[in-house]
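Scroll down for the structure; my scribbles are underneath it.
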Amino acid sequence: MRHTRTLLTAMLAATFATAAAARLPPPTAAAKAQAVEDAAKNAWTDKVGQYQLCIAGDRIASGYRNSAQAAGKLVAEAIVTPPCADPGPYVAPVAPDATRPLEASGAHSPPATAVLPPGTKATAAEIAGSPKK
Numbered sequence: 361m362r363h364t365r366t367l368l369t370a371m372l373a374a375t376f377a378t379a380a381a382a383r384l385p386p387p388t389a390a391a392k393a394q395a396v397e398d399a400a401k402n403a404w405t406d407k408v409g410q411y412q413l414c415i416a417g418d419r420i421a422s423g424y425r426n427s428a429q430a431a432g433k434l435v436a437e438a439i440v441t442p443p444c445a446d447p448g449p450y451v452a453p454v455a456p457d458a459t460r461p462l463e464a465s466g467a468h469s470p471p472a473t474a475v476l477p478p479g480t481k482a483t484a485a486e487i488a489g490s491p492k493k
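The opening position of the sequence shown corresponds to residue 361 in the working numbering, with each subsequent residue numbered one higher.
Right, here's the structure in full:
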């Protein structure tokens, strides 16, 4: 009976392991964008939680110091800590627009408009409009 139960458990484990190892389809662009959005939102939520914890810790320490001083106890000097950093309101990340070509985005373009095509054989005088000799 014990051998049968062990064999049955091993067969079930092999079945579930095979199902878990099945390949998933690659994520779509929308799924990738949603993952980036979720990661940014989670990071901001963590920062808000740290800020709230910092504020609560400052409030508790201040209340303890005030009550100890009111009771006439000797209170040590407060340890200077960095101020609590407010993360501000949530701002969604700007995803790069994959539909816009690089030429339209200006990512590689020089700041000035080109006057001549690159590699021209014209001299500087010809470009400036001086007459030829």
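Where is the CB? At the ideal position from N, CA and C, for every residue including glycine.
Straight-line Cα distance separating residue j from residue i
i           : j           : result
residue 444 : residue 384 : 43 angstroms
residue 409 : residue 429 : 30 angstroms
residue 414 : residue 393 : 32 angstroms
residue 423 : residue 450 : 31 angstroms
residue 419 : residue 426 : 11 angstroms
residue 362 : residue 377 : 23 angstroms
residue 372 : residue 452 : 45 angstroms
residue 412 : residue 454 : 26 angstroms
residue 436 : residue 421 : 12 angstroms
residue 370 : residue 398 : 38 angstroms
residue 487 : residue 387 : 53 angstroms
Start-to-end residues for the alpha helix (DSSP H) that takes in residue i
i           : result
residue 392 : 389 to 430
residue 437 : Neither: residue 437 is in no alpha helix (DSSP H) and is coded neither H nor E.
residue 488 : 484 to 488
Three-state class that DSSP yields for residue i in the structure shown
i           : result
residue 384 : coil
residue 366 : helix
residue 375 : helix
residue 445 : coil
(request) Assess, as a yes-or-no matter, whether the segment 387 to 405 is touched by the segment 420 to 438 under the definition of 3 or more beta carbon pairs within less than 8 angstroms. (result) no
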